[in-house]
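**Q** Mind looking over this structure? Questions follow.
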Amino acid sequence: MPMRKVMKANEAAAWAAKLAKPKVIAAFPITPSTLVPEKISEFVADGELDAEFIKVESEHSAISACVGASAAGVRTFTATASQGLALMHEILFIAAGMRLPIVIAVGNRSLSAPINIWNDWQDSISERDTGWLQFYAENNQEALDLILIAFKVAEDERVLLPAMVGFDAFILTHTVEPVEIPDQEVVDEFLGEYEPKYAYLDPARPITQGTLAFPAHYMEARYTVWEANENAKKVIDEVFAEFEKKFGRKYQKIEEYRTDDAEIVFVTMGSLAGTVKEYVDHLREQGIKAGAAKLTVYRPFPTEEVRELAKKAKVLALLEKNVTFSVGGALFQDFSRALVNEKEKPILVDFILGLGGRDVTFKDLDEALEISRKALAGEEFEEVNWIGLRKEIL
Amino acid sequence: MAVRKPPITTREYWAPGHAACAGCGCATALKLATKAFSEAMEEKFGDPNAFAIAQATGCMEVVSAVFPYTAWKAPWVHVAFENAAAAASGVEAAWKKLGRKGKILAIGGDGGTADIGMQALSGMLERRHNVVYLMYDNEAYMNTGIQRSSSTPYGAWTTTSPPGKYSIGEDKPKKWVALIAAAHQIPYVATASIGNPFDFVKKMKKAAKVDGPAFVQVHCTCPTGWKSPLEKGVEIARLAIETGIWPLFEIENGDFFNIKIQAPGGGAKVKREGGRVVAIEFKKPIEEYLKLQGRFKHLFKQPEAIDEMREQIKAMWKVLGVDVTLPKPEE
């Protein structure tokens, strides 16, 4: 029987790691994800998880050790956030290029300067071009589930890419919620033992990994990462379906909420999706045709699903906790690309909000609604809007 | 007819077909190191192939693993420039969980070890991973075209320490990474040289056989970066030992009081007290080493720089507990 426990997302991530039975974990403490390696240390100390836990001297070495272990053919896990993920940046490309299915739990946190330990998505969004798969959790249950899903997708032979699962700093990492912990046997059935098909650092079948490629081959190597990302779209659907069958919880790349007759759809990710769904209910009570959509999968970018969603709305209001300078948010860029060649497309309005842990309230969303309604009415509107900005202190 | 056993295995792990420069001393070092490793694995585990290599970016990496070719006949992985030690930590942890017998060999040049890789190296040694770290020391960033590293010796020309009106070339003494490694109190630390290949092989075998981390720093020549004759690599390396430039020693378990200093040869007089080397009177002047290399050519117009080098060498030996006398060339 699955067990229900009240826990933080950090603990849920540690539980997911325990259930996935990685053979090597390498981690370095960083707020707000520190509890993940702490909890895993306890599991290892108590013999509940039979793994080598390498207490490395930096995040750079954490991911490097994960690459070494994964290149040796074992399931590998780590957790980090913010500057820690940024310190891993160089090796993230390498992990993807070497096609190593490492999984990282990311407690999504802002980046310095100024130093700030609270939530936004700039850390993992900044890694969107590394080739890693990216999942974003709305709540603690999703943090656990998506890590199991991430392993399964990452290790699929059609994919073989590393994956990161983001969950919002403090809003989720440090907040307790009831979480269902699946049975180990069912997880074992779902994930199975990771057995790489090729020889990995095996003296009986020596191969060379991580070579130099001249211009004659580099581009093709990069293309295989592209191709694997494309393959992941289908594999993710399959794994979501299998997960639902085994665990009863349904996941979609884009989860829609009250979008059927919506004129304005608020699109977001992570824990903000919960707030937005509630806000949509509040608007519906006033007879405002609003809906919500949540991206559970950000890389590979769910282009097809975005196009389907776009058919249902007149305005897509993108709520983003990240900035791409001169553009707005990353979603704005991605949605623009997905829709640019569509014959009929909704108006895109971008909202930058909640950076560095700034609360996102209904009042902020009212502001986003007002601008979206202007756009809907054909009035002039700004494409990129900083919501809740305290202009008086600038 | 009696067949004489070869002094070292004929098995090859660093195979022909790599793209190293002619006369590359580091290629020789890797060839010997992997052969020694293989012998140690055979003696320890009964399996000569029971090892894997994690290598840092550097000249020996790019010349040995050009896709779709490889010079490696052992399982080998390269991740990045600064993290051979961290990657090796992961490989070792994975092997432990896979129940695989054997040892991991991490390889890095002086840039990837003494500079950018220092933190990862320290972490790996401190955590006591069962890894031998081999630093091949050709005393500059040779992969990127001969820039100075913290292991470049005083007075040497490199592209980023050019001699000029206001410069004698590299103006800092060489960083002693072997001593930093020994400060971690790990089971085994040694310096070696391709100028004494039998000693190098012996030390690599010893390193491979200890349980826990070991560090070996091997001095190897780079004809391109040192501007030295292709065929004189081993001779130059030997002169480094015989003139006092390159000390050969072993430190076990971080015990600096029992540092094993080796007699340098070349006619040097060694004074021992209680089995311990306390003084060495070198017979060959350092100029004999310097004059074979274009990177030191400019120093012969500035003899005071060579005298400064002598002082630095004395100071370095003093740290090792040895008083040395270094001759000047006969006028």
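Keeping their order, the protein sequence lines are chains B and H. Adding 446 to a residue's 1-based position in the first sequence gives its number in the numbering used here. Adding 234 to a residue's 1-based position in the second sequence gives its number in the numbering used here. Positions of the beta carbon are idealized from the N, C-alpha and C atoms, including for glycine. Keep in mind it's a predicted model, so treat the numbers as computed, not measured.
Alpha carbon to alpha carbon, what distance is there between H:Y247 and H:Q419?
**A** The count along the second sequence starts at 1 and reaches residue 419 of chain H at position 185. The count along the second sequence starts at 1 and reaches residue 247 of chain H at position 13. Computed Cα separation, rounded: 30 Å.
**Q** Residues of chain B with CB closer than 7 Å to the CB of H:F271, please, in chain order.
**A** As a first step, residue 271 of chain H must be located in the second sequence, where it is residue number 37. Result: empty, since nearest Cβ-Cβ is about 11 Å, beyond 7 Å.
**Q** From the DSSP output, in three-state form, read off H:Y388 for me.
**A** In the second sequence, counting from the first residue as 1, residue 388 of chain H sits at position 154. Three-state result, H:Y388: coil.
**Q** Listed in chain order, which residues of the stretch 529 to 560 of chain B have Cβ atoms closer than 7 Å to some Cβ of chain C?
**A** Note that chain C does not occur in the displayed structure, where the protein chains are B and H.
**Q** Would you please state the rounded distance, in angstroms, between the beta carbons of B:C512 and B:I486? I believe it to be under 8 Å.
**A** Numbered from its first residue, the first sequence carries residue 512 of chain B at position 66. Numbered from its first residue, the first sequence carries residue 486 of chain B at position 40. Not really, about 13 Å apart at Cβ, beyond 8 Å.
**Q** Could I get the ranges of all uninterrupted beta strand (DSSP E) runs contained in the stretch 739 to 804 of chain B, with 3 residues as the minimum, in chain order?
**A** DSSP runs (the beta strand (DSSP E)) wholly in the stretch 739 to 804 of chain B: 743 to 745, 761 to 766, 793 to 798.
**Q** Counting C-beta neighbours from all protein chains within 10 Å, is the total for B:I540 16 or more, i.e. buried, or is it exposed?
**A** Here the question's residue 540 of chain B lines up with position 94 in the first sequence. Per the 10 Å Cβ criterion, buried.
**Q** With burial defined as no fewer than 16 other Cβ atoms inside 10 Å of the residue's Cβ, what is the status of H:D344: buried or exposed?
**A** Looking up residue 344 of chain H in the second sequence gives position 110. Label assigned to H:D344: buried.
**Q** Is the stretch 458 to 477 of chain B touching the stretch 489 to 501 of chain B in the sense that three or more CB pairs, one from each, lie closer than 8 Å?
**A** They touch, by the three-pair rule.
**Q** Find the residues of chain B that neighbour H:R238, judging by a C-beta separation of less than 7 Å, and give them in chain order.
**A** For the purposes of this step, residue 238 of chain H is identified with residue 4 of the second sequence, where counting begins at 1. Within chain B, no residue comes near H:R238; the closest Cβ sits about 29 Å away, beyond 7 Å.
**Q** Use the C-beta contact count for H:V512: other C-beta atoms within 10 angstroms, 16 or more gives buried, fewer gives exposed.
**A** One-based indexing of the second sequence puts residue 512 of chain H at position 278. So H:V512 ends up on the exposed side.
**Q** Which same chain residues, not among the five before or five after B:G656, have their C-beta less than 8 Å away from its C-beta?
**A** Locating residue 656 of chain B in the first sequence gives position 210, where the first residue counts as 1. Within the same chain, B:G656 has close Cβ partners A517, I540, M544.
**Q** If you drop the 5 nearest sequence neighbours on each side, which residues of the same chain put their C-beta closer than 8 Å to that of B:T670?
**A** The residue given as residue 670 of chain B occupies position 224 in the first sequence. Here the set comprises R545.
**Q** Once the 5 residues before and after H:R472 are set aside, which same chain residues still bring their CB inside 6 Å of it?
**A** For the purposes of this step, residue 472 of chain H is taken as the residue at position 238 of the second sequence. Closer than 6 Å at the Cβ level, and outside the excluded window around H:R472, lie G429.
**Q** Given a cut-off of 8 Å, decide if B:A559 and B:A508 are closer than it, judged by their beta-carbon atoms.
**A** Start at 1 with the first residue of the first sequence, and residue 508 of chain B comes out as number 62. Start at 1 with the first residue of the first sequence, and residue 559 of chain B comes out as number 113. Their beta carbons are not under 8 Å apart, which means B:A508 does not touch B:A559 by this criterion.
**Q** Rounded to whole angstroms, what is the Cα-Cα separation between H:K409 and B:Q580?
**A** Along the second sequence, one-based indexing puts residue 409 of chain H at 175. Along the first sequence, one-based indexing puts residue 580 of chain B at 134. Roughly 43 Å separates the two Cα atoms.
**Q** Closer than 7 Å between beta carbons: that is the criterion. Which residues of the stretch 243 to 254 of chain H meet it against chain B?
**A** Against chain B - using a Cβ distance shorter than 7 Å - the stretch 243 to 254 of chain H contributes no residues.
**Q** For B:I486, decide whether its Cβ has a neighbour in chain H, counting only Cβ atoms nearer than 8 Å.
**A** Within the first sequence, residue 486 of chain B is the residue found at index 40, counting from 1. So no, B:I486 is outside the interface.
**Q** Would you list the one or two residues that DSSP bridges to B:W832?
**A** The sequence position of residue 832 of chain B within the first sequence is 386, counting from 1. Paired residues: B:I798.
**Q** Which class does B:P483 belong to by DSSP, given the choice of helix, strand or coil?
**A** Position 37 of the first sequence holds residue 483 of chain B. Correct three-state label for B:P483: helix.
**Q** Could you check the C-alpha separation between B:Y582 and B:Q698 for me, to the nearest Å?
**A** As a first step, residue 582 of chain B must be located in the first sequence, where it is residue number 136. As a first step, residue 698 of chain B must be located in the first sequence, where it is residue number 252. Rounded to whole angstroms, B:Y582 to B:Q698 spans 12 Å at the Cα level.
**Q** Could you tell me whether any Cβ in chain B is nearer than 8 Å to the Cβ of H:H312?
**A** The count along the second sequence starts at 1 and reaches residue 312 of chain H at position 78. Yes, H:H312 lies at the interface with chain B (some Cβ there is under 8 Å from its Cβ).
**Q** Starting from B:A525 and walking both ways along the beta strand (DSSP E), at which residues does that stretch end?
**A** Numbered from 1 along the first sequence, position 79 holds the residue referred to as residue 525 of chain B. That run of the beta strand (DSSP E) goes 522 to 526.
**Q** Any heavy atom of the ligand FAD closer than 7 Å to the beta-carbon of H:I495?
**A** Among the components of this structure there are no ligands whatsoever, and the ligand FAD is therefore not found.
**Q** Whose CA, out of B:Q587, B:R450, B:I595, B:G802, lies closest to the CA of B:A687?
**A** One-based indexing of the first sequence puts residue 687 of chain B at position 241. Residue B:I595 is the option with its Cα nearest to B:A687.
**Q** Could you tell me which residues DSSP puts in a beta bridge with B:A609?
**A** The residue given as residue 609 of chain B occupies position 163 in the first sequence. Paired residues: B:V549, B:L579.
**Q** Can you pull the chain B neighbours of H:P309, defined as C-beta to C-beta under 7 Å?
**A** Counting from 1 along the second sequence, the entry for residue 309 of chain H is found at position 75. Within 7 Å Cβ-Cβ: L647, D648, P649, P652, I653.
**Q** Looking at the unbroken beta strand (DSSP E) that takes in H:T244, where does it start and where does it end?
**A** The count along the second sequence starts at 1 and reaches residue 244 of chain H at position 10. From DSSP, H:T244 is part of no beta strand (DSSP E); its letter is neither H nor E.
**Q** Judging by CA-CA distance, which residue of H:A320, H:E295, H:C454 is the nearest neighbour of B:I471?
**A** For the purposes of this step, residue 471 of chain B is taken as the residue at position 25 of the first sequence. When each option's Cα is compared against that of B:I471, the closest is H:A320.
**Q** Which runs of the alpha helix (DSSP H) at least 4 residues long sit entirely within the stretch 454 to 498 of chain H? Give them in chain order.
**A** If we require 4 residues or more, the alpha helix (DSSP H) runs fully inside the stretch 454 to 498 of chain H come out as 457 to 460, 467 to 476.
**Q** Throw me the rounded Cβ distance for the B:L637 and B:N586 pair, which I believe falls under 8 Å.
**A** If you number the first sequence from 1, residue 637 of chain B lands on position 191. If you number the first sequence from 1, residue 586 of chain B lands on position 140. Incorrect: roughly 20 Å between the Cβ atoms, too far for contact.
**Q** So which residues on chain B does H:Q353 lean against when the C-beta distance must stay under 9 Å?
**A** The count along the second sequence starts at 1 and reaches residue 353 of chain H at position 119. Simply E503, S504, H506, S507.
**Q** Relative to the alpha-carbon of H:Q496, which residue among H:N487, H:G488, H:F490, H:I475 has its alpha-carbon at the smallest distance?
**A** Along the second sequence, read from residue 1 onward, the residue named residue 496 of chain H stands at position 262. Ranking H:N487, H:G488, H:F490, H:I475 by Cα distance to H:Q496 puts H:I475 first.
**Q** Counting only beta-carbon atoms, is B:A784 nearer than 8 Å to chain H?
**A** Here residue 784 of chain B is taken as the residue at index 338 of the first sequence, counted from 1. Judged by the 8 Å Cβ criterion, B:A784 is not in contact with chain H.
**Q** Determine, for H:L264, whether the minimum Cβ-Cβ distance to residues of chain B falls below 8 Å.
**A** Along the second sequence, one-based indexing puts residue 264 of chain H at 30. For H:L264, the answer is no, since every Cβ of chain B falls outside 8 Å of its Cβ.
**Q** Taking B:K598 as the reference, give the member of B:L794, B:D683, B:T524, B:A650 with the closest Cα.
**A** Locating residue 598 of chain B in the first sequence gives position 152, counting from the first residue. When each option's Cα is compared against that of B:K598, the closest is B:D683.
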